[in-house]
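Residue numbers (this note's numbering): 4 to 673.
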């Protein structure tokens, strides 16, 4: 007999006697409901008549009315459900069959457990149905399956409501314990007292972002924290996308022995004691390169079912793939951070994510601000609103306006989540052929034909996306005479050599021609033009009608979209530094972009928004004497759980190891 046949022949889990004991207890003891009200739901009962009776009991409790056979009977009759609930005789029989309500909690747990088993069967059926549908995204299907199962596990844990009295008692006991042990942190200690001073240890459910420029030491600090955490008995799961497991083990050996990292790598020194000490260290390493967030979550869930994981470290966030269909990397990072925050709460762990700042951040030795995780524009930048108005971004602070954005290369309306002033920062000015310009920070991104590009990487001759047309404002505005004269030329056919698509589009055209086995000569014949060789046809920027012609012959919707979309490709004249100024940020979660005076401009990701704590690292430009530990600056730039502030650590480059600063001589602690 097949598994399917055996399963189909079996009855779903339920215990009718236990259900009757619970319902009967409710009918004979007016206070029995309080013992199961937060334990059982209506659909935990399998028998429909028991569901109806329990639903009535809950309604009577909500109305603060007595629960007994008579009141339940009257409410069922009022709802016209008395017969479907078994009738008056069944209610009387239930009440008479239960001698005492003392065991209602025990029977209630039996009812709940059977309900969870039924839901497990339902989840299994849904998982099987998904598998039979043969989904194209296997990782997503696995993630959905695991989410269903983990939701059941959490439900079986049955997190009950807590009265404030119980919470006060628990909090009082915690405070008393802290008074008796004032030098111990309340959370999971990082092992660095400068960090723990602000954080009081890391709290389960939190997402910690550790951000720094390349080569400042964020990986070394994260490994140092993980080593300290694991030594205190807290298991650590480390996802390393940059280093393999052997390199990480070498780092741990150096951390445990104070030996030179280079000597360890070359095999010149082997400390057997240090190696032996690592054998029992509760650290689990996954060095899968380019792991997706779905794979990461799956592995973390699997690890948590076999081992008690307290801390998860991801090195580093920008190397994780979202695995979705986001239009740009900003949306990908937002997806990743949301998933990591959700994972922290789901598994009850601390998640520490390392983030790479651009080399421009803190380049002069200055402290990178929280705004380094964002990209910003100056206050006079005009935000194109959905009603046609163009308002300076500085006038929109603390509002959530409906703005114009771009979705699938079409103008769309999106709601801005928030607008705020970031602070004073160096800005650059980007001037376009159309006369438009935008002033923004070096890391602000603008839309090019090949994707988003930072302002500092934009060059003269590049072409940026701007909106072809904008809606008219709802209210009449006054136009100067010269603008009226310019508008009068709208009917004149413009120079078609300006309204072109960047020549990079021909790479896609040629690919589609290869896919359909159409030669350049054949394409020239289809278009009714002379054959001018293989290069002449693709050495210029095509007009939109020209590209649409290719799209029709190739029957390609993507090319047709590029020929008919709402974007105009404006050429960059120059990019120049333009002083320091107050800059502002605008977040549009839906499309992750907005129109800055028509220029397609991206907004911030959710990295800083999702994080509970943000730790920044940077180093001063002053040279450190040879052989001396380097001084590394740090700051708690954001802390939902407590204060923010700065600190300093010592870094020993030969060991790739951080030390807390000693209060006496400034050297590493013994």
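For glycine and all other residues, C-beta sits at the position ideal for the given N, C-alpha and C.
It should be emphasised that the depicted structure is a prediction, and the values quoted were computed from it without experimental measurement.
Please classify residue 239: does DSSP put it in a helix, a strand, or coil? What you label residue 239 is simply residue 236 of the chain shown in a count that begins at 1. Residue state, collapsed to three classes: strand.
Within the stretch 88 to 128, ranges of the beta strand (DSSP E) (whole runs, at least 3 residues): none
Does the stretch 438 to 451 come into contact with the stretch 591 to 609, if we say contact requires no fewer than three beta-carbon pairs (one atom in each stretch) closer than 8 Å? yes
For residue 381, which residues does DSSP report across the bridge? Working through the chain shown from its first residue, we reach residue 381 at position 378. Paired residue(s): 586.
Among 209, 77, 357 and 115, the one whose alpha carbon lies nearest that of residue 216: Residue 216 sits at position 213 when you count from the first residue of the chain shown. Of 209, 77, 357 and 115, the residue nearest in Cα terms is 357.
Excluding five sequence neighbours on each side, which residues of the same chain lie with their C-beta closer than 7 Å to the C-beta of residue 163? Taking the chain shown and counting its residues from 1, one reaches residue 163 at position 160. Unreliable positioning characterises residue 163 in this predicted model, as indicated by a pLDDT of 49, which lies under 50. The coordinate reading is nonetheless provided below. 41.
Identify the continuous alpha helix (DSSP H) that holds residue 648 and give its terminal residues. Taking the first residue of the chain shown as position 1, residue 648 is located at position 645. Element bounds for residue 648: not the alpha helix (DSSP H) but the beta strand (DSSP E), 648 to 655.
What do you reckon, are the CB atoms on residue 57 and residue 107 nearer than 8 Å? One-based indexing of the chain shown puts residue 57 at position 54. One-based indexing of the chain shown puts residue 107 at position 104. No, the Cβ-Cβ distance between residue 57 and residue 107 is not below 8 Å.
Could you tell me whether the stretch 97 to 116 touches the stretch 36 to 51, where touching means 3 or more Cβ pairs closer than 8 Å? yes
Coarse secondary structure for residue 575, derived from DSSP in three states: Mapped onto the chain shown, residue 575 falls at position 572. The answer is strand: DSSP assigns residue 575 an E or B state.
Check each candidate in 258, 398, 634 and 638 and name the one with the smallest Cα separation from residue 228. Translated into positions along the chain shown, residue 228 becomes position 225. Looking at the Cα atoms, 258 is the closest of the given residues.
Give the DSSP-derived three-state secondary structure of residue 367 in the structure shown. Counting from 1 along the chain shown, the entry for residue 367 is found at position 364. Any reading at residue 367 needs caution, since the residue's pLDDT is 49, under 50, leaving its predicted position unreliable; the model's value is listed next. Residue state, collapsed to three classes: coil.
Using 10 angstroms around the beta-carbon of residue 344, count the other beta-carbons present and answer buried if the total reaches 16, otherwise exposed. Sequence index remark: in the chain shown, residue 344 carries index 341 (1-based). Buried.
For the candidate residues 349, 123 and 421, whose alpha-carbon lies nearest to that of residue 209? Within the chain shown, the letter at position 206 stands for residue 209. It is 349.
Can you give me the start and stop residues for the alpha helix (DSSP H) that residue 250 sits inside? Residue numbering aside, residue 250 sits at position 247 when the chain shown is read from its first letter. Annotation: the continuous alpha helix (DSSP H) that includes residue 250 extends over 248 to 260.
Quick check: what's the CA-CA separation for residue 223 versus residue 663? In the chain shown, counting from the first residue as 1, residue 223 sits at position 220. In the chain shown, counting from the first residue as 1, residue 663 sits at position 660. When rounded, the distance between both Cα atoms is 13 Å.
Distance, residue 197 Cα to residue 563 Cα: Taking the chain shown and counting its residues from 1, one reaches residue 563 at position 560. Taking the chain shown and counting its residues from 1, one reaches residue 197 at position 194. Taking the straight line from one Cα to the other gives about 58 Å.
Can you check which of these residues, 63, 434 and 653, is closest to residue 463 by C-alpha distance? On the chain shown, position 460 is the one that residue 463 refers to. It is 434.
Can you name, in chain order, every residue of its own chain whose Cβ lies under 8 Å from the Cβ of residue 52, other than the five neighbours on each side? The sequence position of residue 52 within the chain shown is 49, counting from 1. Taken in chain order, the residues that qualify are 87, 88, 89 and 93.
Can you tell me which of 656, 504 and 603 puts its alpha carbon nearest to the alpha carbon of residue 455? Numbered from its first residue, the chain shown carries residue 455 at position 452. Residue 455 has its Cα closest to that of 603, out of 656, 504 and 603.
DSSP state of residue 642 mapped onto helix, strand, coil: Taking the first residue of the chain shown as position 1, residue 642 is located at position 639. The answer is strand: DSSP assigns residue 642 an E or B state.
Return yes when the Cβ of residue 239 is within less than 8 Å of the Cβ of residue 314, no when it is not. Walking along the chain shown from the start, residue 314 turns up at place 311. Walking along the chain shown from the start, residue 239 turns up at place 236. Contact: yes.
Among 102, 61 and 424, whose alpha-carbon lies nearest the alpha-carbon of residue 588? Locating residue 588 in the chain shown gives position 585, where the first residue counts as 1. Cα-wise, what sits closest to residue 588 is 424.
My understanding is that residue 293 touches residue 244, with C-beta atoms under 8 Å, so please give their C-beta distance in whole angstroms. As a position in the chain shown, residue 293 is number 290, starting the count at 1. As a position in the chain shown, residue 244 is number 241, starting the count at 1. With a Cβ gap of about 7 Å, residue 293 and residue 244 count as contacting.
Going by beta carbon distance, what residues of the same chain come within less than 7 Å of residue 76, once the five residues before and after it are set aside? For the purposes of this step, residue 76 is taken as residue 73 along the chain shown, with counting starting at 1. Excluding residues within five positions, the ones whose Cβ falls inside 7 Å are 85, 91 and 94.
Please name the residue, chosen from 78, 136 and 404, that lies closest to residue 422 on a Cα-to-Cα basis. In the chain shown, counting from the first residue as 1, residue 422 sits at position 419. Here the closest residue by C-alpha is 404.
Just to confirm my understanding: we take residue 675, look at its own chain, exclude 5 residues before and 5 after, and list those with CB closer than 8 Å. What are they? Here the chain covers residues 4 to 673 and nothing more, so residue 675 does not appear.
Taking residue 428 as part of the beta strand (DSSP E), name the residues at either end of that continuous run. Looking up residue 428 in the chain shown gives position 425. Unbroken beta strand (DSSP E) run through residue 428: 421 to 435.
Any idea what DSSP makes of residue 509, helix, strand or coil? For the purposes of this step, residue 509 is identified with residue 506 of the chain shown, where counting begins at 1. If DSSP states are grouped into helix, strand and coil, residue 509 belongs with the helices.
Strictly by DSSP, which residues pair up with residue 205? Indexing the chain shown from 1 puts residue 205 at position 202. Looking at the DSSP assignment, residue 205 forms a beta bridge with 191.
Anticipated Cβ contact below 8 Å, residue 225 with residue 318, distance rounded: Translated into the one-based positions of the chain shown, residue 225 becomes position 222. Translated into the one-based positions of the chain shown, residue 318 becomes position 315. The pair is a contact, with the Cβ atoms about 6 Å apart (cut-off 8 Å).
If you draw a straight line from the C-alpha of residue 676 to the C-alpha of residue 605, how long is it? Summary: the structure shown does not reach residue 676, with the chain confined to residues 4 through 673, and so no result is reported for it.
Nearest-angstrom Cα separation, counted from residue 652 out to residue 508: Here residue 508 refers to the residue found at position 505 when the chain shown is read from its first residue. Here residue 652 refers to the residue found at position 649 when the chain shown is read from its first residue. Cα to Cα, the separation comes out at about 51 Å.
Looking at the secondary structure, which residues open and close the beta strand (DSSP E) in which residue 353 lies? If you number the chain shown from 1, residue 353 lands on position 350. Residue 353 -> beta strand (DSSP E) spans 353 to 359.
CA-CA distance, residue 127 and residue 143? Numbered from 1 along the chain shown, position 124 holds the residue referred to as residue 127. Numbered from 1 along the chain shown, position 140 holds the residue referred to as residue 143. Straight-line Cα distance between these residues: approximately 16 Å.
Residue 573 and residue 471 look like a contact to me (Cβ under 8 Å); what is the Cβ gap, rounded to whole Å? Looking up residue 573 in the chain shown gives position 570. Looking up residue 471 in the chain shown gives position 468. With 8 Å as the limit, residue 573 and residue 471 do not qualify as a contact, their Cβ atoms being about 10 Å apart.
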